[in-house]
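Asker: I have a structure here, written as structure tokens, and I will follow up with some questions on it.
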Amino acid sequence: FAGSVCWVFGYDTIYAHQDREDDAIVGVRSTALLFGRRSWIALALSYGATLILFAMALASAGAGLLAALGLAIFGGYLFIQVKRLDIDDPDRCLALFKSNRDAGLVLFAGLALDAALQHAVAIGLF
-18 FAGSVCWVFG YDTIYAHQDR EDDAIVGVRS TALLFGRRSW IALALSYGAT
32 LILFAMALAS AGAGLLAALG LAIFGGYLFI QVKRLDIDDP DRCLALFKSN
82 RDAGLVLFAG LALDAALQHA VAIGLF
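This is the structure in structure tokens:
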């Protein structure tokens, strides 16, 4: 759960940069306004925490290699978001925000394939 909160914090911060000027005018206290030019640091920390917490959850659940591979690719998506963040480019912020859908799908695919493989092994298919 905590890993998901960290992930949402990160991608919501990216999303908030699209309308931070409007937020400032109407008094919304967004993370984009809070962190400003240092948003990449907040993003790197929250995404780093996401990966650590997800890895801990996978390890405690006995997940296998396919789940770890999914998590590694997911981490690649998050790294690219931090690297490509341009808080002054709303179109890029939207594209990076939307890329979290694909990141989540990759993570889900790794988990699902790993569970299917573990089940197949457990019932003697492999």
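The numbering used here applies: residue -18 is where the sequence shown begins, and numbers increase by one.
In this text, a Cβ means the ideal position worked out from N, Cα and C, and glycines have one as well.
#1: By the three-class DSSP mapping on this structure, what secondary structure does D4 have?
#2: Under three-state DSSP, which class holds D(-7)?
#3: To test your reading of the DSSP string, which unbroken alpha helix (DSSP H) runs of 4 or more residues are found completely within the region 15 to 72?
#4: Kindly indicate which three-state DSSP category S80 falls into: helix, strand or coil?
#5: Pairing CB atoms from the region 74 to 82 with CB atoms from the region 23 to 41, are three or more of them under 8 Å?
#6: For the putative contact between A(-17) and A(-3), defined by C-beta atoms under 8 Å, what is the C-beta separation to the nearest angstrom?
#7: Taking the alpha carbon of A53 as the reference point, which residue from G43, I22, I33 has its own alpha carbon closest?
#8: Go ahead and pull the three-state DSSP assignment for L106.
#9: Confirm, please, whether the CB-CB distance from L92 to A44 is below 9 Å.
#10: Looking only at its own chain, which residues have a Cβ that is under 6 Å from the Cβ of D67, when we skip the five neighbours before and after it?
#11: Count the other CB atoms within 10 Å of the CB of F35; is the residue buried (16 or more) or exposed (fewer)?
#12: Alpha carbon to alpha carbon, how far is A49 from F60? Give it in angstroms, no decimals.
Answerer: The short version:
#1: In the sequence shown, counting from the first residue as 1, residue 4 sits at position 23. Helix.
#2: As a first step, residue -7 must be located in the sequence shown, where it is residue number 12. The answer is helix: DSSP assigns D(-7) an H, G or I state.
#3: 20 to 41, 46 to 65
#4: Locating residue 80 in the sequence shown gives position 99, counting from the first residue. Of the three classes helix, strand and coil, the one that applies to S80 here is helix, per DSSP.
#5: no
#6: Walking along the sequence shown from the start, residue -17 turns up at place 2. Walking along the sequence shown from the start, residue -3 turns up at place 16. Rounded, the Cβ-Cβ distance is 21 Å, inconsistent with contact.
#7: Start at 1 with the first residue of the sequence shown, and residue 53 comes out as number 72. For the residues G43, I22, I33, the minimum Cα distance to A53 belongs to I33.
#8: Counting from one through the sequence shown, the residue named residue 106 turns up at place 125. L106 falls in the coil class under three-state DSSP.
#9: Stepping through the sequence shown from its first residue, residue 44 is reached at position 63. Stepping through the sequence shown from its first residue, residue 92 is reached at position 111. In contact: A44 and L92 (Cβ atoms closer than 9 Å).
#10: Within the sequence shown, numbered from 1, the residue matching residue 67 stands at position 86. Contacts found: R73.
#11: Residue 35 sits at position 54 when you count from the first residue of the sequence shown. Buried, because 16 or more other Cβ atoms sit within 10 Å of the Cβ of F35.
#12: Along the sequence shown, read from residue 1 onward, the residue named residue 60 stands at position 79. Along the sequence shown, read from residue 1 onward, the residue named residue 49 stands at position 68. Rounded to the nearest angstrom, the two C-alpha atoms are 16 Å apart.
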